[in-house]
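Take the position in the sequence shown, starting the count at 1, then add 203; the result is the number in the working numbering. Structure first, commentary second.
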Amino acid sequence: MGNYYCLVAGLPDVAFDGSKAPYTVERFKDEIYPQLTPADARCANLIFLATDNANILNILRNGEDAVLGGLGCYTREELEDIISSAKEGDEPRKDVPAYIYRFIDYYLANQENVNIVWEDVLSAYYYDYATASPNSFVAGWFAFNRNVNNLLVAFTARKYKMNIAEVVLGDDEVAESLRTSTARDFDLSSVLDCFEAVQRISENGRLQEREHQLDELRWNWLDDNSVFNYFTVERLFVFLQKLIIVERWAALDADKGMQRYNEMIAELKSGMDAQSVIL
């Protein structure tokens with residue numbers, strides 16, 4: 204792990220107040236990312252891989268017609284080569300996370316199964332990979348996000364009388380408790396510091412306001428858990444993640460917020476009769 208005195212000292216302040224960030228994710232990748240040690244770059248890659256995940260699934264579904272997002276770890280050509288090599292059964296590239304090949308193999312073998320929510324399968328693989336990061340702060344960040352997301356879908360599934368076991372991701376203790384507990388708090392209120400906050404946020408009927416509260420919760424987690432990280436990769440990781448939050452809000456409007464909510468409900472309902480597909 205490197206120390207980045209000059210880089211961190213030169214970072215501008217990023218505020219969670221709706222104002223435009225004085226920096227961009229693209230600029231981070233162009234200027235800061237190349238200066239990271241290989242081990243620290245892998246921490247940043249875990250953030251950029253979220254774009255690759257969406258791009259891979261898009262290519263698998265739409266082929267040449269897929270419109271891809273930018274700022275992933277891999278170019279379109281690289282992703283197409285990865286998919287092609289997986290189809291041919293070639294030796295996996297060592298610079299590509301194993302979960303990507305695992306997902307592609309599973310998709311190719313089961314793509315006709317209409318009951319599978321592929322985004323959930325890929326997210327489960329991705330979180331398993333990210334939470335195994337040797338950097339404890341980074342692993343904790345992804346574990347926190349998985350817990351928040353699982354709590355949200357569990358509250359929503361309970362509200363709509365859906366099968367919670369089919370929409371919760373992962374096989375950690377929190378996920379297992381959400382699947383099996385019949386307690387009002389899933390036996391987690393004394394386990395997860397964020398439980399009451401997420402429960403309260405989930406009850407907010409104002410969709411965009413709820414999204415804002417969730418990002419504020421994430422923002423606060425980043426601040427609270429990086430207090431003693433001064434000039435390390437953790438500080439740069441926090442800066443990058445905050446940039447992503449600010450840029451997302453700059454592009455978000457109420458209609459998009461409603462669309463996202465409706466898509467989530469549709470995915471939950473589509474899984475009501477599905478068998479568990481998280482292996």
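By construction, the Cβ of each residue, glycine as well, lies at the ideal position given by its N, Cα and C atoms.
CB contact flag (residue i, residue j, <8 angstroms)
i: Ser405; j: Phe358; result: yes
i: Asn432; j: Phe340; result: yes
i: Ile250; j: Leu443; result: yes
i: Leu372; j: Arg349; result: yes
i: Phe347; j: Tyr328; result: no
i: Val449; j: Ala224; result: yes
i: Asn338; j: Cys246; result: yes
i: Glu414; j: Phe219; result: no
i: Pro215; j: Tyr226; result: yes
i: Ile235; j: Leu439; result: yes
i: Val436; j: Leu252; result: no
i: Lys290; j: Leu271; result: no
i: Ser384; j: Asp375; result: no
i: Asn428; j: Gln416; result: no
i: Ile286; j: Leu263; result: yes
Residue i, DSSP secondary structure in three states
i: Leu410; result: helix
i: Phe345; result: helix
i: Asp268; result: helix
i: Asp426; result: helix
i: Ala301; result: helix
i: Ser384; result: coil
i: Phe431; result: coil
i: Leu416; result: Contrary to the premise, residue 416 reads as Gln rather than Leu in this sequence. Helix.
i: Thr254; result: helix
i: Phe231; result: helix
i: Ala457; result: With a pLDDT of only 47 at Ala457, under 50, the local geometry of the prediction cannot be trusted, and the value read off the model is given with reservation. In this structure, Ala457 counts as helix in the three-state DSSP scheme.
i: Ser392; result: coil
i: Asp243; result: helix
i: Lys445; result: helix
i: Pro237; result: helix
i: Leu210; result: helix
i: Phe219; result: coil
i: Val370; result: coil
i: Thr359; result: helix
i: Leu274; result: coil
i: Gln478; result: Confidence in Gln478 is poor, its pLDDT being 41 and thus under 50, which makes the residue's placement unreliable; the coordinate value appears in the next sentence. Residue state, collapsed to three classes: coil.
i: Ala378; result: helix
i: Arg451; result: helix
i: Glu400; result: A small correction: the amino acid at residue 400 is Ala; Glu does not occupy that position in the sequence shown. If DSSP states are grouped into helix, strand and coil, Ala400 belongs with the helices.
Proximity winner among the options, relative to residue i (alpha-carbon distances)
i: Leu282; options: Asn256, Lys364 and Arg305; result: Asn256
i: Val377; options: Pro237, Asn423, Met365 and Phe398; result: Phe398
i: Ile367; options: Arg279, Val351, Leu354 and Arg382; result: Arg382
i: Thr254; options: Gly213, Pro241 and Ile303; result: Ile303
i: Glu369; options: Gly272, Asp323 and Val317; result: Asp323
i: Gly275; options: Ala360, Ala312, Glu437 and Ile447; result: Ile447
i: Pro300; options: Cys209, Leu263, Val436 and Ala333; result: Ala333
i: Asp233; options: Gly273, Asn265, Tyr309 and Arg264; result: Gly273
i: Asp293; options: Asp308, Arg279 and Glu280; result: Asp308
i: Leu354; options: Gln314, Gly343, Tyr363 and Asp388; result: Asp388
i: Gly343; options: Leu455, Leu395 and Gln402; result: Leu395
i: Ala212; options: Leu260, Lys445, Ser384 and Phe434; result: Phe434
i: Arg145; options: Lys445, Leu210 and Gln402; result: The shown model of the chain, from 204 to 482, leaves out residue 145, and the question about it has no answer.
i: Asn261; options: Arg279, Tyr363 and Gln411; result: Arg279
i: Leu455; options: Val217, Phe231 and Ser222; result: Ser222
i: Asn423; options: Gly205, Leu210, Val217 and Cys209; result: Val217
i: Val401; options: Arg451, Val356 and Gly266; result: Val356
i: Asn265; options: Tyr363, Ala453, Gln314 and Tyr277; result: Gln314
CB contact check: residue i to chain B, cutoff 8 angstroms
i: Gly272; result: Absence of chain B from the displayed structure is noted, only one protein chain being present.
Enumerate, from N- to C-terminal direction, the unbroken alpha helix (DSSP H) stretches of 4 or more residues contained entirely within the stretch 283-341.
-> The qualifying runs are 301-313 and 321-333.
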